[in-house]
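Reviewing the structure listed below.
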Amino acid sequence: MDGTQNTLDNPDFKWTGFPTIWFIKKGSGKPIRHTGGRSARDLLKFVQEHATSKIDVELPPEEPPKPLSQAVPTDNSGPVKVI
1 MDGTQNTLDN PDFKWTGFPT IWFIKKGSGK PIRHTGGRSA RDLLKFVQEH ATSKIDVELP
61 PEEPPKPLSQ AVPTDNSGPV KVI
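According to the UniProt record's numbering, the sequence shown is numbered sequentially starting from 1.
As structure tokens, then:
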């Protein structure tokens, strides 16, 4: 639900920022607020912890972070010289 465009008449749902993620366990009307990370793995872990049924989902491997700069030179073939 887009909280900037909609209202909800339920005192259990309160939010101060976006996105705010809620989970309602089957058979319960009480929402559980997700306060963890936003990655697929974090969200899956949260759902698995609170679900009433077993959730089996296989996620693709996480990509390693991309380097912020070029690798440090190991020889003197370029403009930067190794001392």
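A virtual CB, placed ideally from N, CA and C, is assigned to each residue, including glycine. The structure presented is a predicted model; accordingly, all values stated were derived computationally and were not measured.
Requested in this report: Between the Cα of T35 and those of P60, G29, G3 and P19, spot the shortest distance and give me the residue it belongs to.
Outcome: P19
**Report entry** DSSP-derived helix/strand/coil call for F13
**Finding:** coil
Report task. Return the first residue and the last residue of the alpha helix (DSSP H) that R41 is part of. Result -> A40 to H50
Requested in this report: Excluding the 5 residues preceding and the 5 following D42 in the sequence, name in chain order all residues of the same chain whose CB lies nearer than 6 angstroms to its CB.
Outcome: G36
Query - For Q48 and V57, the rounded distance between their alpha carbons - result: 10 angstroms
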